[in-house]
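Worksheet for the structure shown next.
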Amino acid sequence: MDNAQVTEVPQAASPDQTIARLQGRLFIDGEFRESLEGHTFALHNPATGEFLCDVAAADDKDVDVAVRSASLAQRSWGKVPVRERGKRLIAAAQTLATHAEEVARLIALESGKALRTECRPEATNVADVLQFFAGLASELKGDTVPLRPGLLSYTQVEPVGVVAAVLPWNVPLMLMAVKIAPALIAGNTVVVKSAEETPLAVMRAAELLSQYLPKGVLNVISGDGPVCGAALVRHPDVAKITFTGSVETGRLIYRAAADKIVPVTLELGGKSPMIVMADADLDKAVDGAVIGMRFTRQGQSCTAASRMLVHRSLHDAFVSKLKAKVDQLVIGDPLDDKTDIGAIISKPQLEKILGYIELGRADPAATAHECGQLPNDTDLRAGNFVRPVIFTGLQNRSRLAQEEIFGPVTCVMPFDTLHEAIDLANDSTFGLAASVWTRELTSGLRAVAGLEAGYIQGNQAQVAGPNISYGGFKQSGLGKELTLESMLEHFTRRKSVVINFE
Ligand code: NAI
Ligand code: MG
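The numbers in our numbering rise by one with no breaks, and the one at position 122 of the sequence shown is 125.
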């Protein structure tokens, strides 16, 4: 088995140096290259509007080169002993951990997310996810089945082949890790397609990780979703697709997979309810709402607690305490350690969010509680900033309460009985996450039993992490991530063997 392919990886580079080196490049077969046609697109800093660099725009020919490289590499990578694959991933994770600050700054520059509240935790947690899956390497086991004496019947798990991982921009590095770690440990090779908005940290991470991987095992391409993303998922040699993003694109990918009959994992949108019962600890619930709504990520989270269902007796107090908390969050320069909330990823996303806020304002029954202050720094004048908004008075059937806004906009709606709260919570096309806030065991467990959501928390609303089976019901997606079972189910295929030795 040949060894590391990227021989000279610059250490502790400044973001500017890294960007200068990575710009206009794809990472294919262990090396940086331009797209075959030399096409690029411009990347801008969401907080300042400044031009960051040109990014390579792959087309179907580049996709073909990347998939062929992955396909060739898979033949030998799949035969590397599993624990050896695990050791390599652990070493890769350690290297990433030592570069966490550098990578975090790249995420902040390209995504507009605040360094202290979002990007540093993301860069650090990524190493944790890689280590978690590396430690599961020895669990790639089959079963023996006692059919009858004289028959040896067993199953063995094998890699699927080449995996296509299509990433979104909201937590680019974390979602790259969540997809590539189980895929690689299980002996597959991967072609990652980064989101248009966030190609840089993913590319730098690929460079760092590939010091420990044979060439072609991990490839990263960037480009337009409908061009290179679509070409990747329909490539005949891609044997498995894993995607996080919008429902709309998820449908297109599911159709492309159906044409080829290959498995897909889809992690799509959400409109996750948070149920606060009459006996809940109000201050804890309010703190949990700030975390659950991911205000410090500008609400750009698929699990955002964007429908807050609060018992009528607590509703008004909850709203005023929540507003007071969110008012304290500092909106500003993502690189400034004082900043809690950064910028929205792009102008189109900002416009989408502003459109929803206008829609809410136009509803005569609704009240918009705007929170915090926009930055007045002149450097940030062209940035995509928006104040968080808490809506009250909306109906659960309104568009604001039904559609994924993916911005710092939430709605608080009252309920009178647990039964009513569960009905409201389930009255959604989504079913990703939910949280229940109560000190009473029976009603808490009744809520859990009644809720249609893939990930339910009690008295907290944290992000999912390693060993928590994560994935949605209904239109929130298909399949699970972040666990041993998800690795076995989604990144291996099972071969049944029956041998007659009578
Ligand atoms: P998107 O789903 O269009 O993009 C996600 C990824 O899919 C990107 O890498 C993109 O290049 C790729 N892609 C786009 N079209 C494709 C195609 N035809 N074939 C293959 N790949 C394709 O999401 P977008 O447009 O960035 O955001 C729109 C909305 O999606 C957001 O407002 C939000 O509601 C939702 N979203 C949900 C996320 C989640 O975590 N579940 C993450 C990002 C967005
Ligand atoms: Mg899109």
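Virtual Cβ for every residue (Gly too), placed ideally from N, Cα, C.
Bear in mind the structure is a predicted one, so any value in this text is a computation, not a measurement.
Helix, strand or coil for residue i, going by three-state DSSP, please let me know.
i              : result
aspartate 57   : strand
leucine 269    : strand
asparagine 379 : coil
valine 293     : helix
lysine 82      : coil
arginine 497   : strand
glutamate 34   : strand
threonine 252  : helix
proline 276    : strand
alanine 307    : coil
valine 392     : strand
valine 9       : At valine 9 the pLDDT is 46, less than 50, meaning the model places this residue with poor confidence and gives no usable figure here.
leucine 221    : strand
threonine 299  : helix
alanine 204    : helix
leucine 491    : helix
leucine 39     : coil
isoleucine 408 : coil
alanine 242    : strand
valine 230     : helix
alanine 16     : coil
threonine 21   : helix
alanine 189    : coil
valine 174     : coil
isoleucine 502 : strand
leucine 46     : strand
leucine 92     : helix
leucine 3      : No information on residue 3 is available, as it lies outside the stretch 4 to 505 that the chain covers here.
threonine 486  : coil
threonine 51   : coil
leucine 235    : helix
Could you check the C-alpha separation between residue i and residue j for me, to the nearest Å?
i              : j              : result
leucine 25     : glutamate 199  : 15 Å
leucine 403    : glutamate 37   : 42 Å
threonine 10   : glutamine 214  : Because the pLDDT of threonine 10 is 46, which lies under 50, any placement of that residue in the model is unreliable, and the number read from its coordinates should be weighed accordingly. The straight-line gap from Cα to Cα measures roughly 7 Å.
alanine 234    : lysine 196     : 11 Å
aspartate 319  : leucine 312    : 12 Å
arginine 297   : glutamine 460  : 15 Å
methionine 277 : alanine 456    : 11 Å
isoleucine 93  : glutamate 142  : 16 Å
glutamate 443  : alanine 437    : 17 Å
aspartate 282  : leucine 139    : 41 Å
glycine 89     : alanine 189    : 9 Å
tryptophan 440 : asparagine 429 : 16 Å
leucine 485    : glutamate 505  : 43 Å
alanine 100    : alanine 467    : 20 Å
proline 541    : glycine 358    : There is no way to answer for residue 541, as the model of the chain reaches only from 4 to 505.
serine 114     : proline 149    : 54 Å
aspartate 67   : proline 171    : 21 Å
valine 174     : aspartate 382  : 25 Å
serine 156     : arginine 497   : 13 Å
alanine 385    : glutamine 97   : 37 Å
Any heavy atom of ligand 2 closer than 7 Å to the Cβ of residue i?
i            : result
arginine 252 : The question names arginine, but residue 252 is threonine in the sequence shown. Yes, Cβ of threonine 252 sits closer than 7 Å to a heavy atom of ligand 2.
serine 349   : no
serine 249   : yes
glycine 228  : yes
Could you check whether the Cβ of residue i sits closer than 8 Å to any Cβ belonging to chain D?
i          : result
serine 472 : Note that chain D does not occur in the displayed structure, where there is just one protein chain.
Does ligand 1 have even one heavy atom less than 7 Å from the beta-carbon of residue i?
i              : result
leucine 357    : no
leucine 485    : no
alanine 233    : yes
leucine 397    : no
alanine 288    : no
cysteine 305   : yes
asparagine 379 : no
tryptophan 440 : no
leucine 139    : no
valine 169     : yes
tryptophan 172 : yes
Return yes when at least one heavy atom of ligand 4 lies under 7 Å from the C-beta of residue i, else no.
i             : result
histidine 493 : Annotation note on ligand 4: not contained in the displayed structure, which lists ligand 1 and ligand 2 as its ligands.
*Check whether the region 285-294 touches the region 449-457, counting contact only when three or more Cβ pairs, one atom from each stretch, lie closer than 8 Å.*
no
_For the structure I just gave you, are there three or more beta carbon pairs, one from the region 314-331 and one from the region 97-113, closer than 8 Å?_
no
*How about the region 130-139 and the region 230-247: do they share at least three Cβ pairs that are nearer than 8 Å?*
no
*Three or more C-beta pairs below 8 Å linking the region 72-91 and the region 51-61*: no
_Could you tell me which whole alpha helix (DSSP H) segments of length 4 or greater appear in the region 105-169?_
123-137
*Continuous alpha helix (DSSP H) assignments of at least 4 residues falling wholly in the region 414-483*: 421-429 and 444-453
_4 or more residues per run - each alpha helix (DSSP H) lying fully within the region 310-373_ = 315-330 and 350-364
*Would you say the region 251-263 touches the region 416-429, given that touching needs at least three Cβ pairs under 8 Å?*
no
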